[in-house]
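For reference, the structure discussed in these notes is given below.
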Amino acid sequence: MTDITICGNDIIKQGWLVKQSKHLKEWRRRWFVLTPQYLCSFKYQGENRNPTEAIRLRECSTVRSADEDTCKENSFRVDTPARIFYLIAENPAEKEAWIGHIGRQMVRHTVIIDDQAPYE
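Residues in the sequence shown are numbered from 135 upward in steps of one, following our numbering.
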C-alpha cells in the first residue's frame, strides 16, 4: 500500500493490536510499529516495508480510549481528518502504553517554537 521502510532505530514501540478494517469493519490482528512520524500496521511481525496501513502522526488530532465507542475492552482510537482508526490492545497496561506513546509523538509535531518572538 505505502512505500515506507522502517529502520530499527526509529522504532518507539511495536506489538500486536487488533484493528477494525476500513470497509467491512472486521477486526483483524496486526503487528503495529510506532515511529516518530508514523503508526504503521503489518500483517506479520518483523515486517518493516510496505505497511498495510500508515497513519501520519502529524495529521492525528486525538488518541484516546474507545471502550464505549466499540463496546470492547482495551480499545482506543486514533483520529485523523480522513478516518478514525479503532484499535484493541491485549490488556489495559498495553492500551495505556500505546495511547501514551502515540500521544507524545503527536505532541512533538504540534509544538511550534517561534524563534522570532521577543523575550520580555
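Glycine residues also receive a C-beta, built at the ideal position from the N, C-alpha and C atoms.
Every value quoted in this text rests on a predicted model; they were computed, and no experiment measured them.
Under 7 Å between C-beta atoms of residue i and residue j
| i | j | result |
| --- | --- | --- |
| residue 209 | residue 222 | yes |
| residue 140 | residue 197 | no |
| residue 179 | residue 165 | yes |
Beta-carbon contacts of residue i that lie in its chain and below 6 Å, excluding the five residues immediately before and after
| i | result |
| --- | --- |
| residue 168 | 146, 147, 235 |
| residue 206 | 222 |
| residue 137 | none |
| residue 224 | none |
| residue 214 | 193, 194 |
Nearest-angstrom Cβ-Cβ length linking residue i and residue j, presumed shorter than 8 Å
| i | j | result |
| --- | --- | --- |
| residue 174 | residue 185 | 4 Å |
| residue 191 | residue 171 | 6 Å |
| residue 149 | residue 228 | 7 Å |
| residue 156 | residue 217 | 7 Å |
Contacting residues, own chain, Cβ-Cβ under 8 Å from residue i (five flanking each side not counted)
| i | result |
| --- | --- |
| residue 203 | 209, 211, 220 |
| residue 177 | 164, 165, 186 |
Terminal residues of the beta strand (DSSP E) in which residue i lies
| i | result |
| --- | --- |
| residue 213 | 209-213 |
| residue 196 | 196-199 |
| residue 148 | 147-154 |
| residue 174 | 172-176 |
| residue 168 | 161-168 |
Bounding residues of the alpha helix (DSSP H) (the contiguous stretch that carries residue i)
| i | result |
| --- | --- |
| residue 187 | Element bounds for residue 187: not the alpha helix (DSSP H) but the beta strand (DSSP E), 187-190. |
Contact test: residue i Cβ vs the ligand SAM heavy atom, cutoff 6 Å
| i | result |
| --- | --- |
| residue 189 | The model depicted lacks the ligand SAM and carries no ligand whatsoever. |
Report the start-end ranges of each beta strand (DSSP E) in the region 217-245 that is 3 residues or longer and not cut off at the edges. 218-222
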